[in-house]
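Encoded as structure tokens, the structure appears first; notes follow it.
Numbering (my numbering), first residue to last: 26 to 69.
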């Protein structure tokens, strides 16, 4: 799933909120989130 989120986020089809939701549901890991966005994943 990393490749999907990385590609579509890079192309602008997904927003950071979409990646946060995917990370929350363990579709991608926190490390993958950081790799894709360059930001730390912070839970609220």
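Heads up, the beta-carbon is just placed ideally off N, CA and C, and yes, glycines get one too.
Residue 40 - containing alpha helix (DSSP H), residue span: Premise fails: residue 40 is in no alpha helix (DSSP H) and is neither H nor E.
Simplified DSSP assignment, three categories, for residue 31: Helix, per DSSP.
Residue 57 burial status per 10 Å Cβ neighbour count (16 or more: buried): Classification for residue 57: buried.
Environment of residue 30 [buried if 16+ CB atoms lie within 10 Å]: Buried: at least 16 other Cβ atoms inside 10 Å.
Enclosing alpha helix (DSSP H) for residue 58 [first to last residue]: Where residue 58 is concerned, the enclosing alpha helix (DSSP H) stretches over 55-62.
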